[in-house]
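Student: Attaching a single structure in structure tokens format; questions to follow.
Number of protein chains: 2
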Amino acid sequence: MNGADALLATLVANDVTACFANPGTSEMQFVAALDRKPEMRPVLCLFEGVATGAADGYGRMADKPACTLLHLGPGYGNGIANLHNARRAFTPVVNVIGDHATYHRQYDAPLNSDIPALAAPNSLWVKSADSPDAVAGLAAEAVAASFGPPGGPVSLILPADSAWLETKGEPIIAQRTVRPAPAGSAVDAAAKALKAAAKPVILIGGQACRAEGLVQAARLQAAGVRIVSDTFVARQPRGAGHFAPSRMQYFGEMALSDLAGVDLMVFAGTTEPVAFFAYPNRPSVLVPEGCKTLTLAARAEDAVAGLAALADAMGAPKQGPSQPLKRPEAAPSGPLSAAMAGLSVARHLPEGAIICDDSVTSGGGIAVPALTAAPHEVLALTGGAIGIGLPLAVGAAVAAPERKVVSLNGDGAAMYTIQALWTLARENLDVTVVVFANNSYRILNIEMARTGAGDAGPQAAKLLGLGDPSIHWVPLANGLGLPAVRCATAEEFETAFAGAMARRGPMFIEAAI
Amino acid sequence: MNGADALLATLVANDVTACFANPGTSEMQFVAALDRKPEMRPVLCLFEGVATGAADGYGRMADKPACTLLHLGPGYGNGIANLHNARRAFTPVVNVIGDHATYHRQYDAPLNSDIPALAAPNSLWVKSADSPDAVAGLAAEAVAASFGPPGGPVSLILPADSAWLETKGEPIIAQRTVRPAPAGSAVDAAAKALKAAAKPVILIGGQACRAEGLVQAARLQAAGVRIVSDTFVARQPRGAGHFAPSRMQYFGEMALSDLAGVDLMVFAGTTEPVAFFAYPNRPSVLVPEGCKTLTLAARAEDAVAGLAALADAMGAPKQGPSQPLKRPEAAPSGPLSAAMAGLSVARHLPEGAIICDDSVTSGGGIAVPALTAAPHEVLALTGGAIGIGLPLAVGAAVAAPERKVVSLNGDGAAMYTIQALWTLARENLDVTVVVFANNSYRILNIEMARTGAGDAGPQAAKLLGLGDPSIHWVPLANGLGLPAVRCATAEEFETAFAGAMARRGPMFIEAAI
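Just so you know, the sequences run in chain order A and B. The opening residue of the first sequence carries number 28 in the numbering used here; numbering runs sequentially from there. The opening residue of the second sequence carries number 28 in the numbering used here; numbering runs sequentially from there.
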């Protein structure tokens, strides 16, 4: 076998079985080796930002990494924004970055660049396999590193000669590090502080927001401690049967108003909350003045075990509150808005659906009615780099083919990685795409006022609006292989969304709001 | 004025008057300041790779930088691939990268990342303006640095508070470094070596391939020295009235076969040629064995002055050969191919047109007949990162609004930065887009064999083909605001291309080959 075979053997031996790829010449050995390792599923993405975002969606749902296959520095570069999001989601991802043959690097050919430098800011681990015999061991290291805890993207550079030269390449099994439970002293300290506090809050994030974490958090809420989740969570169950914590508000002043009077914040699976952006004369840290803070479980620790131990120590009941099933009864009518669309989503979302949310200003309209919809899970934009809603859906659908995936996108966000539509069509993934077409980067109109920059004049307005010309989403989606429909009324959206939920396969809905 | 005003004042004072942008919250002060500085033209791009590629196209045509406006690390990340190309084109580009307020960085908010580390590999110069008073001086430094010589992208990080706080901000004029002429001794040495050589070649690149460089190179060819250009040149005139040097072949073995027997290579505005990729048992350096090499003018030197002095020293005639005007007489007919399309391009290309070439395997069909077309200029893919043909056209058209721009793209390449079509429509740019739709990354089918990886089996084939489903380019382009037509025969292409050349404004042609 050659180095590419060795890489695939070790990846597959470690249960890495999906590859989101856009290869070039330097990756041809890896591509050829795929035919000798059918356990690895190659998924072509027409842009690397789709590949990395798909790997994020896959990792969030599969709890194991997919690999990407990227073409040198520029190919990796195209994937950076969604790797930034994956880093903020702590999602395991193994990037395989093809490079020039080791001896060719010195000549600085046109595609040469400093790949380790480019990869470092968004990779927990970066190494180059500079000989074929090094490939298997480093691949196992990469897989292990991607799991963390708390996990994230890693980057294995594969020079072309390391791929084409022969090696023994016995598959090597990755040695994963287990998340340690928080120390008993941390649990005791948290219990003591919570009992002493007048108005405490537990802030949960990451693993603590998964199903098993929410169960324990609900017990603590039943014991009288308010539970608040991070604003943007990588993966969180929602709907009937799940506990619904309140959520840190996006805007700092609203967050602090919500937390007014809180005298203790305990962190489980997350850290001190900070404002998404700084604004003139507004605070960066979203902890009320005088409020004490305390960590129950760091991100790398087992926050679920920590919450369970804390609930026991607090004498919490065995079971906390959970949401009832209460779908909106009446079909919405009248002009379409995000709120109206949200009612239809809540009415028709099937049990076990996965929502990939990159809907920016339209997201709020869905979040409230979905609290009592059929049980589902939400994958949020964790790193603020828009353009992940479509790629996440690609990856989630590959990881969980039996579940309906709904991708909610702002129009500005959807355009970032629009190439993903083609992969949805090619792979016939069971994904319903909704684009909220308000012809605007609406969030920026809000943010402009908040930053004290004043109202947009004609020049500034040119950078905030998408309406000149309006994007025609239906032909665009058709062109990339998807059936598509435009909805301008709540009735039209209700019909389209209900229809999409009732059938399998990819579908595109423009919500003209 | 605030720091954002100061930045714009210094940029405009240095004749930086185009801004290719996709801003976010941290850039709102810059956006607002645009209304107070109407000399700066903001051009919205729906993805940052479009913005950076447009800045490259603008810089190549205007011989001065445009600025980009990018949103923190992820926004810059999306622009990396085309900045890689700009670095390889030595194009001046001033990236303005918004960042969190200086005091907010420590909190590692979701959009925080190591911007200097991300920017370094593709920036000649990276600095952060960490106070408003530093903005004007650093902006002038950035502009100066972008000019080199030989020039390239630079990155100025603008924290939000440096943008919103007050400053005096008198505009500062950049101090540019002039390209020095090569030393007389280098000219003498080259002349002596050329006279002594049996079969010498002068390899020209960069500035030596511009109009004035070609004039001097032609004189040397007239004196009996074969002139060869780099394979991929940032900007090169072609067609009637221009000297047509031969070109380094893309594939190494073809290049070495072409150079067989050459005993001296003299470099002007470029360096020793190397293979684009390494392949098993094939050479990396494309200099024949035993051939001497010698640098007349380094990239940072004035290669035109060097060639002129060398031509004088060689006693070359005052004028060398140039191409006749000889358009293909007969309209092509039959099935469409890149070669047939090339005939139509050569027949109808107007004088002064600018070709932005990202057509990969289809490019050869145009290059030959275009040698005797009306005089035009070609902007090539310099760094191998596909997805620049559409963005380059945006920038070239903004820089040279009176000239027809023709953007030639492979289908795989076009999908990378397809968002550029919308900007062409919005700005009503005089650009004709041609996409050669062969439903394939065809170059990779060729490269797969060359790398010794063998034939593609069913898994590998999934990563090389774009035909399942076929992209419907006409609705896709319509959806993004462009009139579009599909041509499946040479006659259809002839009619469509002639029509597009005869009218102004954006137009999309699918060449189904």
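Note that beta-carbon positions come from the ideal geometry of N, C-alpha and C, so glycine has one too. Only a predicted model underlies this, so the values are computations on that prediction, with no experimental measurement involved.
How many whole angstroms separate the CB atoms of Val289/A and Pro315/A, which I take to be in contact at a CB cut-off of 8 Å?
Tutor: For this step, residue 289/A is matched to residue 262 along the first sequence. For this step, residue 315/A is matched to residue 288 along the first sequence. The Cβ separation is near 5 Å, so the contact holds.
Student: Could you tell me which uninterrupted alpha helix (DSSP H) segments, each at least 4 residues in length, are contained entirely in the stretch 223-284 of chain B, listed from first to last along the chain?
Tutor: 238-249
Student: Report the CB separation of Phe117/A from Ala78/A in whole angstroms; it is logged as a contact under 8 Å.
Tutor: Mapped onto the first sequence, residue 117/A falls at position 90. Mapped onto the first sequence, residue 78/A falls at position 51. The Cβ separation is near 19 Å, so there is no contact.
Student: I want to know whether the stretch 149-161 of chain B touches the stretch 182-194 of chain B - three or more CB-CB distances under 8 Å.
Tutor: yes
Student: For the alpha helix (DSSP H) that contains Glu404/A, what are its first and last residues?
Tutor: Translated into the one-based positions of the first sequence, residue 404/A becomes position 377. Looking at the DSSP string, Glu404/A is not in any alpha helix (DSSP H); the run it does join, the beta strand (DSSP E), is His403 to Ala407.
Student: Would you give the residue range spanned by the alpha helix (DSSP H) that Asp62/B belongs to?
Tutor: As a working note, residue 62/B is residue 35 in the second sequence. No alpha helix (DSSP H) holds Asp62/B; DSSP gives it neither H nor E.
Student: Per DSSP, Glu193/B forms a beta bridge with which residues?
Tutor: Taking the first residue of the second sequence as position 1, residue 193/B is located at position 166. Looking at the DSSP assignment, Glu193/B forms a beta bridge with Asn29/B.
Student: Using a Cβ cut-off of 7 Å, pull out every chain B residue sitting near Ile184/A, in sequence order please.
Tutor: By one-based count along the first sequence, residue 184/A stands at place 157. Near Ile184/A there are no residues of chain B at all, since even the closest Cβ is about 14 Å away, more than 7 Å.
Student: Using a Cβ-Cβ cutoff of 7 Å, what residues of the stretch 503-530 of chain A are near chain B? List them in chain order.
Tutor: If the cut-off is 7 Å between Cβ atoms, the stretch 503-530 of chain A has Leu503, Asn505, Gly506, Leu507 and Gly508 near chain B.
Student: Return yes when the Cβ of Pro50/B is within less than 7 Å of the Cβ of Thr129/B, no when it is not.
Tutor: The residue given as residue 129/B occupies position 102 in the second sequence. The residue given as residue 50/B occupies position 23 in the second sequence. Cβ distance not < 7 Å, so Thr129/B and Pro50/B don't count as in contact.
Student: Mind checking Glu521/A: buried by the 16 CB within 10 Å criterion, or exposed?
Tutor: The residue you call residue 521/A lines up with position 494 of the first sequence. By the Cβ neighbour-count rule, Glu521/A is buried, with 16 or more other Cβ atoms within 10 Å of its own.
Student: Do the stretch 359-369 of chain B and the stretch 500-518 of chain B make contact, defined as three or more Cβ pairs closer than 8 Å?
Tutor: yes
Student: If the cut is a Cβ gap below 8 Å, which residues of chain B does Ser158/A touch?
Tutor: In the first sequence, residue 158/A corresponds to position 131, counting from 1. The contacting residues do not exist; Ser158/A stays about 15 Å from chain B at best.
Student: Does the distance from the C-beta atom of Val501/B to that of Ala336/B stay below 7 Å?
Tutor: For this step, residue 501/B is matched to residue 474 along the second sequence. For this step, residue 336/B is matched to residue 309 along the second sequence. Not closer than 7 Å, so no.
Student: Report all residues from its chain with a CB closer than 8 Å to the CB of Ala238/B; omit the five preceding and five following residues, and keep chain order.
Tutor: Translated into the one-based positions of the second sequence, residue 238/B becomes position 211. The beta carbon of Ala238/B sits closer than 8 Å to the beta carbons of Pro264 and His269 from its chain, once the five residues preceding and following it are set aside; these are given in chain order.
Student: Of the residues that make up the stretch 397-412 of chain A, which ones have a beta carbon closer than 8 Å to any beta carbon in chain B?
Tutor: When C-beta distances to chain B are compared with 8 Å, the residues of the stretch 397-412 of chain A below that value are Thr409, Gly410, Gly411 and Ala412, in chain order.
Student: Can you name the residues that DSSP bridges to Lys431/B?
Tutor: Indexing the second sequence from 1 puts residue 431/B at position 404. None, per the DSSP bridge assignment.
Student: Between Tyr277/A and chain B, is there a C-beta pair that is closer than 7 Å?
Tutor: Here residue 277/A refers to the residue found at position 250 of the first sequence. So no, Tyr277/A is outside the interface.
Student: Going by DSSP in three states, Val120/B sits in which element: helix, strand or coil?
Tutor: Reading the second sequence from its first residue, position 93 is the one you call residue 120/B. Strand, per DSSP.
Student: How big is the Cα-Cα spacing for Asn122/B and Gly100/B?
Tutor: What you label residue 122/B is simply residue 95 of the second sequence in a count that begins at 1. What you label residue 100/B is simply residue 73 of the second sequence in a count that begins at 1. If I take the Cα positions, the gap works out to 12 Å.
Student: Looking only at C-alpha atoms, which of Ala400/B, Asn465/B and Leu456/B sits nearest to Ala426/B?
Tutor: Residue 426/B sits at position 399 when you count from the first residue of the second sequence. Selected option, being the one with the closest Cα: Leu456/B.
Student: Within the 7 Å Cβ cut-off, does Pro264/B reach chain A?
Tutor: For the purposes of this step, residue 264/B is identified with residue 237 of the second sequence, where counting begins at 1. Chain A, which has no Cβ nearer than 7 Å to the Cβ of Pro264/B, makes this no.
Student: Throw me the rounded Cβ distance for the Met471/A and Leu451/A pair, which I believe falls under 8 Å.
Tutor: On the first sequence, position 444 is the one that residue 471/A refers to. On the first sequence, position 424 is the one that residue 451/A refers to. What sits at residue 471/A in the sequence shown is Leu, not Met. Actually they do not touch by this definition, with Cβ atoms about 28 Å apart.
Student: Could you tell me if Arg374/A is buried or exposed, where buried requires 16 or more neighbouring beta carbons within 10 angstroms of its beta carbon?
Tutor: For this step, residue 374/A is matched to residue 347 along the first sequence. Taking every protein chain shown into account, the CB of Arg374/A has 16 or more other CB atoms within 10 angstroms, so this residue is buried.
Student: Go to Val458/A, then tell me how far its beta strand (DSSP E) extends in each direction, as first and last residue.
Tutor: Locating residue 458/A in the first sequence gives position 431, where the first residue counts as 1. Its beta strand (DSSP E) spans residues Val458 to Ala464.
Student: Could you give the distance in angstroms between the alpha-carbon of Lys489/A and the alpha-carbon of Leu323/B?
Tutor: Position 462 of the first sequence, counting from 1, holds the residue named residue 489/A. Position 296 of the second sequence, counting from 1, holds the residue named residue 323/B. Approximately 48 Å, taken between the alpha carbons.
Student: What residues from the stretch 352-367 of chain A come within 7 Å of chain B, judged by C-beta to C-beta, listed N to C?
Tutor: none
Student: With 8 Å as the C-beta to C-beta threshold (strictly closer), list the residues of the stretch 441-474 of chain A near chain B in chain order.
Tutor: For the stretch 441-474 of chain A, which is checked against every Cβ of chain B, the residues closer than 8 Å are Met442, Tyr443, Ile445, Gln446, Trp449, Ala452, Arg453, Ile470, Leu471 and Glu474.
Student: Within 6 Å: the Cβ of Gly369/A and any heavy atom of the ligand GTP?
Tutor: Judged by which ligands are present, the structure shown has none, so any question about the ligand GTP falls away.
Student: Could you give the residue range of the alpha helix (DSSP H) that holds His375/A?
Tutor: As a first step, residue 375/A must be located in the first sequence, where it is residue number 348. Looking at the DSSP string, the run of the alpha helix (DSSP H) that includes His375/A is Ala365 to His375.
Student: Bridge partners for Pro186/B per DSSP, in chain order?
Tutor: One-based indexing of the second sequence puts residue 186/B at position 159. Beta-bridge pairing links Pro186/B to Asp126/B.
Student: Pick from His499/B, Arg477/B, Leu376/B and Ala169/B: whose alpha carbon is nearest that of Phe463/B?
Tutor: By 1-based counting over the second sequence, the position of residue 463/B is 436. When each option's Cα is compared against that of Phe463/B, the closest is His499/B.
Student: Between the stretch 67-77 of chain A and the stretch 225-242 of chain A, can you find at least three pairs of beta-carbon atoms closer than 8 Å?
Tutor: no
Student: Could you round the C-beta distance between Ile229/B and Val252/B to whole angstroms and report it? I think they count as a contact, below 8 Å.
Tutor: Numbered from 1 along the second sequence, position 202 holds the residue referred to as residue 229/B. Numbered from 1 along the second sequence, position 225 holds the residue referred to as residue 252/B. Right, the Cβ-Cβ distance comes to about 6 Å (below 8 Å), so this counts as a contact.
Student: DSSP puts Gly492/A in a beta bridge; with which residues?
Tutor: The residue labelled residue 492/A in the question sits at position 465 within the first sequence. Gly492/A pairs with Ser467/A.
Student: With 16 other CB atoms within 10 Å as the buried threshold, where does Lys219/B fall?
Tutor: Position 192 of the second sequence, counted from the first residue, corresponds to residue 219/B. Flag for Lys219/B reads exposed.
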